[in-house]
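**Q** Numbering (this note's numbering), first residue to last: 88 to 446.
Next up is a structure, given as structure tokens.
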Ligand code: DAH
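Here it is as structure tokens:
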């Protein structure tokens, strides 16, 4: 039998094709029901529901067009329509339950956690190789009775140069090309700048140490950087001699490199010490036999050092007749470079995880 869309119900038309409104309703209902049972997803089911029972749905339209029937047929046909509507709604609800169950179990299956799979590891950070080195150095000096100070990286010209006995415009400053913030303020070029800050606020005896960043204007390459780390230490007291300096550096170097090393002093010049020395220790790579790291000499240059210049002590209000002191300072990067065979200074500041993860 031909299907007829009753939204365009026209009794005259129905009579003409010899089809009653009941037949049309029956056809519509069975078509709708078979579509409901065939629906594969709840989305499809929703679409079918709207198509038949929605505000503009086919069955809803049919209900609205009852008025077009002769009055004596309206009641019965209305009842038949409502019955069909309820049957359809019931079928949709049942199918929705079925599909819902199926969809939930499919989702559960899809999203199931396989507890036997290996987990995803969190990336756990570690301390930077320079931080480790600084800590090791710090621990050794604390063990030797040094007090650790923090000192500003943005420093006064006076503490960085003048108080350290640098005459104005002295050529020794050329090695320390600075980043100036004003004429009087600069990024410290060496940690030695902390000496005066401590000396003028303390009374001897004192043993002081600081560690941190320093800055110099320098073209960056494998062995030069604008930012690097230094350690600076000094001791002031009665009767302190160069033997104390030598003993201290020997103890430090042996603790740092984990073996007994010799210490060599050669004269050097720094405005804030007199006499001044360049300190070298037995090459830890070849134990002094000579290798390419120590360039065949058997020695590694470690630090600058000396007896604190009387002008520096006096400038801090310390009587240089009564007290003497020694001081030394060295670069930090050089230590891990030697210990791990690192050949490029830039690696320390690059934040390249492939480098950092090796330590
Ligand atoms: N501050 C010097 C530099 O950066 C190193 C140094 C030399 C520090 C002698 C000292 C010292 O404390 O006594 O080149």
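No residue lacks a Cβ here, since even glycine has one placed at the ideal position from N, Cα and C.
What does DSSP give as the partner residue(s) for residue 253 in the beta ladder?
**A** DSSP lists no partner for residue 253.
**Q** Please give the ranges of any beta strand (DSSP E) in the segment 318-358, keeping only runs that are unbroken, at least 3 residues long and fully inside the region.
**A** For the segment 318-358, whole beta strand (DSSP E) runs of length 3 or above, ordered along the chain, are 350-355.
**Q** For residue 435, name the three-state secondary structure that DSSP assigns.
**A** Of the three classes helix, strand and coil, the one that applies to residue 435 here is helix, per DSSP.
**Q** Let me confirm a value: residue 386 is counted as buried when at least 16 other C-beta atoms fall within 10 Å, else exposed. Which label applies?
**A** Its Cβ being crowded by 16 or more others within 10 Å, residue 386 is buried.
**Q** Could you name the residues of the same chain whose beta carbon sits closer than 6 Å to that of residue 359, not counting the 5 residues immediately before and after it, in chain order?
**A** Counting only Cβ-Cβ distances below 6 Å, and skipping sequence neighbours, we find 251, 252, 396 and 399.
**Q** Which residue or residues does DSSP assign as beta-bridge partners of residue 386?
**A** 369, per the DSSP bridge assignment.
**Q** Given residue 363, which residues of its chain have a CB within under 8 Å of its CB, disregarding the five upstream and five downstream residues?
**A** For residue 363, where only same-chain residues beyond five positions count, the Cβ hits under 8 Å are 354, 355, 356, 357, 391, 392 and 393.
**Q** If residue 350 and residue 371 are in contact, beta carbons under 8 Å, what's the gap, nearest whole angstrom?
**A** Between residue 371 and residue 350 the Cβ distance is about 13 Å, and since that is not below 8 Å, they are no contact.
**Q** Quickly, what does DSSP pair residue 211 with across the bridge? List them, please.
**A** Paired residues: none, contrary to the question.
**Q** Below 7 Å between beta carbons: does that hold for residue 323 and residue 412?
**A** It is a contact, given that the beta carbons lie within the stated cut-off.
**Q** Flag this pair as touching only if the segment 315-331 and the segment 280-293 have three or more C-beta atom pairs under 8 Å; answer yes or no.
**A** The answer is yes - the segment 280-293 touches the segment 315-331, with three or more Cβ pairs under 8 Å.
**Q** Relative to ligand 1, is the shortest distance from any of its heavy atoms to the C-beta of residue 279 smaller than 6 Å?
**A** Within the cutoff, so yes.
**Q** Cβ of residue 261 within 6 Å of any heavy atom in ligand 1?
**A** Every heavy atom of ligand 1 is 6 Å or more from the Cβ of residue 261, so no.
**Q** Kindly examine ligand 1 and report whether one of its heavy atoms sits closer than 6 Å to the Cβ of residue 488.
**A** Since the displayed the chain opens at 88 and closes at 446, residue 488 lies outside it and no answer follows.
**Q** Determine, using beta carbons only, whether residue 417 and residue 434 come nearer to each other than 7 Å.
**A** Taking 7 Å as the Cβ cut-off, residue 417 and residue 434 do not qualify as a contacting pair.
**Q** Pop quiz: residue 168 and residue 145 are said to be a contact at Cβ under 8 Å. What is the actual Cβ separation, rounded to whole angstroms?
**A** Residue 168 to residue 145, Cβ: 11 Å. No contact.
**Q** Distance check for residue 186 and residue 128, CA to CA, integer angstroms please.
**A** Approximately 6 Å between the Cα atoms of the pair.
**Q** Just to confirm before moving on: does the CB-CB distance between residue 211 and residue 225 stay below 7 Å?
**A** It is not a contact, given that the beta carbons lie outside the stated cut-off.
**Q** With a CB to CB cut of under 7 Å and the five nearest residues on each side skipped, what residues in its chain are close to residue 415?
**A** Taken in chain order, the residues that qualify are 320, 332, 336, 366, 390, 391 and 392.
**Q** In the DSSP assignment, find the beta strand (DSSP E) that holds residue 143 and state where it starts and stops.
**A** From DSSP, residue 143 is part of no beta strand (DSSP E); its letter is neither H nor E.
**Q** Measuring straight from C-alpha to C-alpha, what distance separates residue 266 and residue 218?
**A** Roughly 24 Å separates the two Cα atoms.
**Q** Per DSSP, what kind of secondary structure is residue 276 in: helix, strand or coil?
**A** Three-state result, residue 276: coil.
**Q** Do residue 176 and residue 120 have their C-beta atoms closer together than 7 Å?
**A** Not closer than 7 Å, so no.
**Q** By the DSSP assignment, the beta strand (DSSP E) with residue 400 in it spans what residues?
**A** Counting along the chain, residue 400 falls outside any beta strand (DSSP E), though it belongs to the alpha helix (DSSP H) covering 397-402.
**Q** Would you kindly report the start and end of the unbroken beta strand (DSSP E) that includes residue 293?
**A** Start and end: 293-302.
**Q** Following a CB-centred definition, is residue 448 positioned closer than 6 Å to any heavy atom of ligand 1?
**A** Outside the displayed span of the chain (88 to 446) sits residue 448, for which this structure offers no information.
**Q** Here's the rule I'm using: 16 or more other beta-carbon atoms within 10 Å means buried, otherwise exposed. How should residue 297 be labelled?
**A** Classification for residue 297: buried.
**Q** On the criterion of 16 or more Cβ atoms from any shown chain inside 10 Å, does residue 423 qualify as buried, or is it exposed?
**A** Answer is buried; the Cβ neighbour count reaches 16.
**Q** Give the secondary structure of residue 315 by DSSP, where H, G and I count as helix, E and B as strand, and everything else as coil.
**A** Strand.
**Q** In or out: residue 192 buried (at least 16 other Cβ within 10 Å) or exposed?
**A** With fewer than 16 other Cβ atoms within 10 Å, it is exposed.
**Q** Take residue 109 as the anchor and find which of 140, 134 and 161 has the nearest alpha-carbon.
**A** Of 140, 134 and 161, the residue nearest in Cα terms is 161.
**Q** Pick out whichever of 223, 262 and 270 has its Cα sitting closest to the Cα of residue 245.
**A** The option with the nearest alpha carbon to residue 245 is 270.
**Q** Between the Cα of residue 408 and those of 326, 352, 373 and 382, spot the shortest distance and give me the residue it belongs to.
**A** Residue 326 is the option with its Cα nearest to residue 408.
**Q** Which same chain residues end up closer than 6 Å to residue 174 when comparing Cβ atoms and leaving out the 5 residues on each side of it in sequence?
**A** Hits under 6 Å: none found.
**Q** Tell me which residue opens and which closes the beta strand (DSSP E) that residue 415 is part of.
**A** Taken as a continuous stretch (DSSP letters only), the beta strand (DSSP E) holding residue 415 covers 411-418.
**Q** Which residues bound the beta strand (DSSP E) around residue 405?
**A** From DSSP, residue 405 is part of no beta strand (DSSP E); its letter is neither H nor E.
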